[in-house]
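*Asks:* First, the structure itself, so that you have it in front of you.
Protein chains in written order, with this note's numbering: chain S, 23 to 332; chain F, 23 to 332.
Structure representation (structure tokens):
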């Protein structure tokens with residue numbers, strides 16, 4: 023009798039839950055509340071050696087570099103920024119639902135191409151993937167349990183979306199919106215970080231493992247995504263005057279402390295990040311159907327203004 | 023002995039294949055060639071009753087409507103366009119990596135809101151999904167074998183990306199880049215097609231089954247995706263002067279035949295479409311790693327200028 027009563031109670035409880043779900047889906051703590059309640063220790067400062075500031079007339083774009091995934095490219099990008107390589111160069115290409123790309127408009131012309139600054143290499147190895155061991159605890163890798171249609175294992179490490187294949191023992195940065203890569207021509211080792219692109223559309227995951235990914239835009243991606251699309255092949259601009267010029271690109275370490283952006287990034291190994299993912303899985307409120315899952319490329323790691331010292 | 027020789031030969035053949043793949047991946051016929059060789063019968067004309075032309079100063083946006091998936095909304099959108107409802111209204115909201123939305127800036131103010139034209143309804147039912155039977159052979163549904171992380175069955179019907187769940191017996195349009203939906207407020211039946219949005223970022227599939235999707239932009243989506251992002255909450259513009267105005271929106275059937283865009287759309291039930299999907303799965307050329315798969319939202323159905331009559 024007791025068991026039977028218990029079962030009846032359970033059944034009623036489940037029925038009630040089910041009815042409530044039909045009216046409004048099970049809701050996790052909403053993202054705004056998760057962020058408001060997040061402990062200070064779940065946020066980190068920008069790393070001066072791995073942050074680029076790109077100044078456009080319209081505003082500033084901030085890029086976090088990923089030395090764990092592309093050490094040679096990141097070292098070269100640091101040298102290029104230190105040498106003022108991109109200052110006065112331009113955005114060359116905006117292809118709708120794909121990428122915005124910048125570099126030297128005369129890069130293909132040896133006579134006119136801007137010379138590389140001291141310390142920068144013209145030639146680098148391809149860095150399309152790393153040994154899977156490199157995304158272990160040291161990198162604060164947190165696995166994403168949700169299904170991904172491109173890779174058998176995914177997650178986040180140091181703020182970046184990561185995919186991996188235990189059967190090949192390789193891990194790589196996924197081409198999500200806002201990810202930055204190093205353009206190359208036909209040979210795999212033809213990128214040196216001088217020409218960079220950012221994803222501005224649906225994640226082109228087919229590029230994964232085909233090109234070196236070097237980082238992620240953490241602020242100002244809209245300045246690169248809202249540019250007029252180029253009308254020549256692959257979104258290149260037809261005429262030089264259509265290009266947006268780049269005022270300068272600096273490594274954060276080279277910027278006076280007082281001038282550095284007061285910005286923090288959420289740690290992807292934090293509980294807050296897990297709660298934000300849950301807030302996307304179980305949305306409540308306006309949503310009447312719970313997605314019940316998140317997409318590796320569907321959840322951008324948030325930033326916030328550095329709060330005043332207590 | 024014979025078996026053993028055969029096995030050896032097979033092993034050698036496999037090893038050779040494997041080495042060739044490492045150098046350059048198995049390539050399907052490239053997309054450009056597939057399109058060039060496509061038979062005229064794989065293309066279709068625009069349907070005058072299900073095509074909207076939206077004129078902006080920057081150019082024309084063409085939208086195909088999906089009456090099979092949202093019959094009440096599409097009927098209302100036809101009536102709204104016929105009554106000139108959107109003429110002189112505006113783009114109200116551009117949220118980066120999400121949506122561009124348009125409608126009546128005074129829509130929330132009953133005293134100032136533009137009245138609905140004759141034949142348009144203020145209230146419609148929610149049309150978030152349809153019975154799965156509706157995407158059968160009649161709709162030319164072709165299944166996509168590739169894994170999707172959001173739905174157990176996906177494919178294409180009448181040019182649209184479709185997801186379905188046989189366990190619930192429902193099918194719906196997927197929120198891919200370029201898909202157009204009808205904005206709603208908190209109640210599920212609060213959309214009437216007056217306020218429309220288009221996806222301009224990574225597919226927000228979490229919206230699937232939560233809102234009525236009415237069609238897809240087949241041309242000119244970049245005119246809506248490259249607009250400056252609004253800086254108020256949800257990408258709304260702060261000031262009226264930041265909005266892009268809409269010159270007019272017409273149903274193709276109401277446009278003089280001589281003025282209609284000479285455009286064709288590839289049939290998604292065609293062999294050419296299957297070949298294009300294969301060209302994305304097995305890319306060759308610049309690619310050194312074959313993705314081996316496509317993404318429901320990663321392959322847009324192409325259009326082309328109507329070829330001259332032979």
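All C-beta atoms, glycine included, are put in the ideal place defined by N, C-alpha and C.
Is residue 83 of chain S close to chain F, meaning its C-beta is less than 8 Å from at least one C-beta of that chain?
*Replies:* As a working note, residue 83 of chain S is residue 61 in the first chain. No, its Cβ sits nowhere closer than 8 Å to a Cβ of chain F.
*Asks:* Excluding the five sequence neighbours on either side, which residues of its own chain have a C-beta within less than 8 Å of the C-beta of residue 140 of chain S, listed in chain order?
*Replies:* As a working mapping, residue 140 of chain S is identified with position 118 in the first chain. Counting only Cβ-Cβ distances below 8 Å, and skipping sequence neighbours, we find 101, 105.
*Asks:* Kindly list, in the order they appear in chain F, the residues whose Cβ is closer than 7 Å to that of residue 308 of chain S.
*Replies:* Looking up residue 308 of chain S in the first chain gives position 286. Neighbours of residue 308 of chain S on chain F, chain order: 208.
*Asks:* Starting from residue 248 of chain S, find everything on chain F with Cβ-Cβ shorter than 7 Å and list it in chain order.
*Replies:* The residue you call residue 248 of chain S lines up with position 226 of the first chain. In chain order: 248, 249, 250, 251.
*Asks:* So, for residue 80 of chain F: in the same chain, excluding its five sequence neighbours on each side, which residues have a beta-carbon less than 6 Å away from its beta-carbon?
*Replies:* Reading the second chain from its first residue, position 58 is the one you call residue 80 of chain F. Excluding sequence neighbours, residue 80 of chain F sits near 245.
*Asks:* Please list the terminal residues of the continuous beta strand (DSSP E) segment that includes residue 115 of chain S.
*Replies:* Position 93 of the first chain holds residue 115 of chain S. Looking at the DSSP string, the run of the beta strand (DSSP E) that includes residue 115 of chain S is 112-117.
*Asks:* In chain F, which residues lie with their C-beta within 7 Å of the C-beta of residue 302 of chain S?
*Replies:* Counted from its first residue, the first chain places residue 302 of chain S at position 280. Neighbours of residue 302 of chain S on chain F, chain order: 228.
*Asks:* Measuring straight from C-alpha to C-alpha, what distance separates residue 269 of chain F and residue 82 of chain F?
*Replies:* Working through the second chain from its first residue, we reach residue 269 of chain F at position 247. Working through the second chain from its first residue, we reach residue 82 of chain F at position 60. Approximately 10 Å between the Cα atoms of the pair.
*Asks:* On the three-state DSSP scale, how would you describe residue 156 of chain F?
*Replies:* Residue mapping note: residue 156 of chain F aligns to position 134 of the second chain, counting from 1. Residue 156 of chain F falls in the helix class under three-state DSSP.
*Asks:* Flag this pair as yes or no: are the beta carbons of residue 172 of chain F and residue 185 of chain F separated by less than 8 Å?
*Replies:* In the second chain, counting from the first residue as 1, residue 172 of chain F sits at position 150. In the second chain, counting from the first residue as 1, residue 185 of chain F sits at position 163. For residue 172 of chain F and residue 185 of chain F, yes; Cβs fall inside 8 Å.
*Asks:* Where do the ends of the beta strand (DSSP E) carrying residue 300 of chain S lie?
*Replies:* Reading the first chain from its first residue, position 278 is the one you call residue 300 of chain S. From DSSP, residue 300 of chain S is part of no beta strand (DSSP E) but of the alpha helix (DSSP H) over 293-303.
*Asks:* What does the Cβ neighbour count give for residue 230 of chain F, buried or exposed, with the cut at 16 atoms within 10 Å?
*Replies:* The residue labelled residue 230 of chain F in the question sits at position 208 within the second chain. Label assigned to residue 230 of chain F: buried.
*Asks:* Rounded to the nearest angstrom, how far is the Cβ of residue 154 of chain S from that of residue 125 of chain S, given a contact under 8 Å?
*Replies:* Position 132 of the first chain, counted from the first residue, corresponds to residue 154 of chain S. Position 103 of the first chain, counted from the first residue, corresponds to residue 125 of chain S. With 8 Å as the limit, residue 154 of chain S and residue 125 of chain S do not qualify as a contact, their Cβ atoms being about 32 Å apart.
*Asks:* Measure from the C-beta of residue 232 of chain F to each C-beta in chain S and report whether the shortest distance is under 8 Å.
*Replies:* In the second chain, residue 232 of chain F corresponds to position 210, counting from 1. Yes, contact with chain S.
*Asks:* Looking at the unbroken alpha helix (DSSP H) that takes in residue 100 of chain S, where does it start and where does it end?
*Replies:* Numbered from 1 along the first chain, position 78 holds the residue referred to as residue 100 of chain S. It spans 93-104 - the alpha helix (DSSP H) in which residue 100 of chain S sits, taken as one unbroken run.
*Asks:* Comparing the C-beta of residue 119 of chain F with each C-beta of chain S, is any distance below 8 Å?
*Replies:* Sequence index remark: in the second chain, residue 119 of chain F carries index 97 (1-based). At least one chain S Cβ lies under 8 Å of residue 119 of chain F.
*Asks:* Using three-state DSSP, classify residue 188 of chain F as helix, strand or coil.
*Replies:* As a working mapping, residue 188 of chain F is identified with position 166 in the second chain. DSSP places residue 188 of chain F in coil when its eight states are reduced to three.
*Asks:* Please list, in chain order, the chain F residues whose beta carbon lies closer than 8 Å to that of residue 174 of chain S.
*Replies:* As a working mapping, residue 174 of chain S is identified with position 152 in the first chain. Residues of chain F passing the Cβ test: none, with the nearest at roughly 11 Å.
*Asks:* Give, in chain order, every residue of the segment 213-226 of chain S whose Cβ lies closer than 9 Å to some Cβ of chain F.
*Replies:* Within the segment 213-226 of chain S, the residues whose Cβ lies closer than 9 Å to some Cβ of chain F are 221, 222, 223, 224, 225, 226, listed in chain order.
*Asks:* State yes or no: is the beta carbon of residue 66 of chain S nearer than 8 Å to at least one beta carbon in chain F?
*Replies:* In the first chain, counting from the first residue as 1, residue 66 of chain S sits at position 44. Not one chain F Cβ lies under 8 Å of residue 66 of chain S.
*Asks:* Strictly below 8 Å CB to CB, what residues from chain S border residue 199 of chain F?
*Replies:* Within the second chain, residue 199 of chain F is the residue found at index 177, counting from 1. Correct list: 119, 223, 224.
*Asks:* Please look up how many angstroms separate the CB atoms of residue 117 of chain F and residue 242 of chain F, rounded, as I've assumed it's under 8 Å.
*Replies:* Numbered from its first residue, the second chain carries residue 117 of chain F at position 95. Numbered from its first residue, the second chain carries residue 242 of chain F at position 220. Between residue 242 of chain F and residue 117 of chain F the Cβ distance is about 19 Å, and since that is not below 8 Å, they are no contact.
*Asks:* Within 10 angstroms of its Cβ, does residue 228 of chain S collect 16 or more other Cβ (buried), or is it exposed?
*Replies:* The sequence position of residue 228 of chain S within the first chain is 206, counting from 1. That one is buried.
*Asks:* To the nearest angstrom, how far is the alpha carbon of residue 109 of chain S from that of residue 271 of chain S?
*Replies:* Locating residue 109 of chain S in the first chain gives position 87, counting from the first residue. Locating residue 271 of chain S in the first chain gives position 249, counting from the first residue. For residue 109 of chain S and residue 271 of chain S, the distance between alpha carbons rounds to 6 Å.
*Asks:* Take residue 60 of chain F and list the residues in its own chain whose beta-carbon comes closer than 7 Å to its own, dropping the five residues that flank it on each side.
*Replies:* In the second chain, residue 60 of chain F corresponds to position 38, counting from 1. Hits under 7 Å: 294.
*Asks:* Could you tell me which chain F residues have their CB closer than 7 Å to the CB of residue 244 of chain S, listed as they occur along the chain?
*Replies:* Counting from one through the first chain, the residue named residue 244 of chain S turns up at place 222. Neighbours of residue 244 of chain S on chain F, chain order: 118, 251.
*Asks:* Which stretch, first to last residue, makes up the beta strand (DSSP E) that contains residue 86 of chain S?
*Replies:* Here residue 86 of chain S refers to the residue found at position 64 when the first chain is read from its first residue. Residue 86 of chain S -> beta strand (DSSP E) spans 81-87.
*Asks:* Does the CB of residue 333 of chain F have a neighbour CB from chain S at under 8 Å?
*Replies:* The structure shown does not extend to residue 333 of chain F, since chain F spans only 23 to 332, so no value can be given for it.
*Asks:* Strictly below 8 Å CB to CB, what residues from chain F border residue 311 of chain S?
*Replies:* Translated into positions along the first chain, residue 311 of chain S becomes position 289. The answer, in chain order, is 150, 230, 231, 232.
*Asks:* Going along chain F in order, which residues have a C-beta closer than 9 Å to the C-beta of residue 320 of chain S?
*Replies:* For the purposes of this step, residue 320 of chain S is identified with residue 298 of the first chain, where counting begins at 1. Chain F residues near residue 320 of chain S: 224, 225, 226, 227, 228.
*Asks:* Nearest chain S C-beta to residue 43 of chain F closer than 8 Å, yes or no?
*Replies:* Stepping through the second chain from its first residue, residue 43 of chain F is reached at position 21. Caution is warranted here: a pLDDT of 41 is assigned to residue 43 of chain F, below 50, making its placement in the model unreliable, and the coordinate value is therefore given only provisionally. It does not: the Cβ of residue 43 of chain F has no partner Cβ on chain S nearer than 8 Å.
*Asks:* Can you find a C-beta in chain F that's less than 8 Å from the C-beta of residue 285 of chain S?
*Replies:* The residue given as residue 285 of chain S occupies position 263 in the first chain. So no, residue 285 of chain S is outside the interface.
*Asks:* Name, please, each residue of chain S whose Cβ falls closer than 9 Å to the Cβ of residue 114 of chain F.
*Replies:* Your numbering for residue 114 of chain F matches position 92 in the second chain. Per Cβ cutoff of 9 Å: no residues; residue 114 of chain F is ~16 Å from chain S at best.
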